[in-house]
Amino acid sequence: MTVLAPHAAWRSSKRVRRRFHAGLVYTCLLWLTAFNILPLVWMISGSFKSNAEVLASPPIWIPRVWHWENYVNALRALPFARFFLNTMIVTSIVLVGTVFANTIVAFGFARLRARYRDIIFLILLATMMLPRQVTWLSVYIIFAKLPGPGPSGNWIDTYLPLTVPAFFGSAFLVFMLRQFFLTVPLELDEAARIDGANTLQVYWHIFLPQARPALAAIVILVFINEWKDYFTPLIYLNTPTKFTLALGVQYFRGFADYATQWHLLMAAGTALTIPPFVVFVFFQRYFVAGLALTGLKG
Numbered sequence: 006m007t008v009l010a011p012h013a014a015w016r017s018s019k020r021v022r023r024r025f026h027a028g029l030v031y032t033c034l035l036w037l038t039a040f041n042i043l044p045l046v047w048m049i050s051g052s053f054k055s056n057a058e059v060l061a062s063p064p065i066w067i068p069r070v071w072h073w074e075n076y077v078n079a080l081r082a083l084p085f086a087r088f089f090l091n092t093m094i095v096t097s098i099v100l101v102g103t104v105f106a107n108t109i110v111a112f113g114f115a116r117l118r119a120r121y122r123d124i125i126f127l128i129l130l131a132t133m134m135l136p137r138q139v140t141w142l143s144v145y146i147i148f149a150k151l152p153g154p155g156p157s158g159n160w161i162d163t164y165l166p167l168t169v170p171a172f173f174g175s176a177f178l179v180f181m182l183r184q185f186f187l188t189v190p191l192e193l194d195e196a197a198r199i200d201g202a203n204t205l206q207v208y209w210h211i212f213l214p215q216a217r218p219a220l221a222a223i224v225i226l227v228f229i230n231e232w233k234d235y236f237t238p239l240i241y242l243n244t245p246t247k248f249t250l251a252l253g254v255q256y257f258r259g260f261a262d263y264a265t266q267w268h269l270l271m272a273a274g275t276a277l278t279i280p281p282f283v284v285f286v287f288f289q290r291y292f293v294a295g296l297a298l299t300g301l302k303g
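The numbering of the sequence shown is the working numbering, which starts it at 6 and goes up by one.
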């Protein structure tokens, strides 16, 4: 009994510490979740209010009268079909470029032997530390000087600055795919080459089919990123008929003879979140599996 008593006390204190640690972690997660979800709740709540209720102080969280017509008025006030088509065009081109460029570059880093390959890969990873805002001005100058179909004879006010960079790859996505390609057994390469396949055929028939879960995760990430992208269209697009949805909702902040109508802006913003939400709900299984297979889980 005297031997078992200290052991039982130690186990009890260990259990208490474990529960305290779990409670602390869950408390932090709840606060973090609330911090991130409150703006979304406020936007959804504001989409059903009048403009006066949105601006009321102290804030009104639950509308006194639910204005369902805000959604109809918001969609009627915007050339929604035009903005939606523009967004789908840009997103589709970016998805094609992203899948093509990043898979083939990642395949090269994972399988092809070349001098300075690892050094080049480290330089590529180093670019991830550079914020996009740092390069915006220099990239804008490049696009402004390149001859193109824009009104000023360059790439400005066209979709080229929004789509062409996708065909040059992304350091983060190349890293993700390279990590996945490294898990593909070398025996598959050797078997394909014995059957007479060249490097491009190995990439197309072996690696791309194997990479479907990882590509599903990348497609979801890129789709959501392009759908919500506001700053890139803001920088390069000037003609309202070329606006994407994320930029087009700014009509309610002064464009097209509107004063700022926060209730309509929030209704349009809420409607704008529905497609990415639906895509994520239906494909979250592939998204999680893709992140796990690329070694980025946890």
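Just so you know, even glycine gets a beta-carbon here, dropped at the ideal spot from N, CA and C.
#### Entry: Contact check, T249 vs T92, beta carbons under 7 Å
yes
### Top-ranked residue by Cα proximity to V189, from W141, I124, F112, G155
F112
### Query
Terminal residues of the continuous alpha helix (DSSP H) containing T168?
165-168
### Query
When DSSP labels each residue in this structure, what does D123 get in the three-state scheme?
helix
### Task
Determine the direct distance from the alpha carbon of Y208 to that of I109, and round the result to whole angstroms.
8 Å
### Query
Is the region 217-236 in contact with the region 277-291, if contact means three or more CB pairs nearer than 8 Å?
yes
### Query
Mind pulling the alpha helix (DSSP H) runs of 4 or more residues that sit fully within the region 81-167?
85-116, 122-131, 137-150
### Query
According to the neighbour-count rule (16 or more other Cβ atoms, all chains shown, within 10 Å of its Cβ), is N107 buried or exposed?
buried
#### Entry: Endpoints, the alpha helix (DSSP H) within which D234 is located
Note, D234: premise wrong, no alpha helix (DSSP H); not H, not E.
### Query
Under a three-way DSSP split, which group does F248 fall into?
coil
### Task
Name the two residues that bound the continuous alpha helix (DSSP H) containing F257.
Taken as a continuous stretch (DSSP letters only), F257 belongs to no alpha helix (DSSP H), as it is neither H nor E.
### Task
Kindly list the residues whose CB is nearer than 6 Å to the CB of L301, restricted to its own chain and excluding five residues on each side of it in sequence; keep chain order.
Annotation note: pLDDT 48 at L301 (below 50); position unreliable, coordinate value reported separately. Correct list: empty, nothing qualifies.
#### Entry: Inter-residue Cα distance where the pair is I229 and Q255
19 Å
### Query
How is T275 classed by DSSP in three states: helix, strand or coil?
helix
### Query
Under 7 Å, do L239 and L252 count as touching if we go by C-beta distance?
yes
### Task
Give the DSSP-derived three-state secondary structure of G51 in the structure shown.
helix
### Query
If we count the other Cβ atoms within 10 Å of its Cβ and call it buried at 16 or more, is I211 buried or exposed?
buried
### Query
First and last residue of the alpha helix (DSSP H) that includes D194?
191-199
### Task
State the DSSP-derived secondary structure class of Q266, mapped to helix, strand or coil.
coil
### Task
Just the C-alpha distance for S143 and D162, rounded to the nearest angstrom, thanks.
17 Å
### Query
Taking just the CA atoms, how far does W73 sit from M181?
43 Å
### Message
Counting C-beta neighbours from all protein chains within 10 Å, is the total for K19 16 or more, i.e. buried, or is it exposed?
### Response
exposed
### Message
What does the alpha-carbon distance come out to for the pair Q184 and A216?
### Response
11 Å
### Task
Check each candidate in F148, W141, F105, Q138 and name the one with the smallest Cα separation from L205.
F105
### Reference L90, options K247, F25, D234, closest by Cα
K247
### Task
Name the two residues that bound the continuous alpha helix (DSSP H) containing L182.
176-186
### Query
With C-beta atoms as the reference, is G153 less than 7 Å away from L167?
no
### Task
Go ahead and label G158 buried or exposed: buried means 16 or more other beta carbons lie within 10 angstroms of its beta carbon, across all protein chains shown.
exposed
### Task
Provide the residue span of the alpha helix (DSSP H) that contains N56, from first to last.
56-59
### Within 7 Å, strictly: CB atoms of M48 and T275
yes
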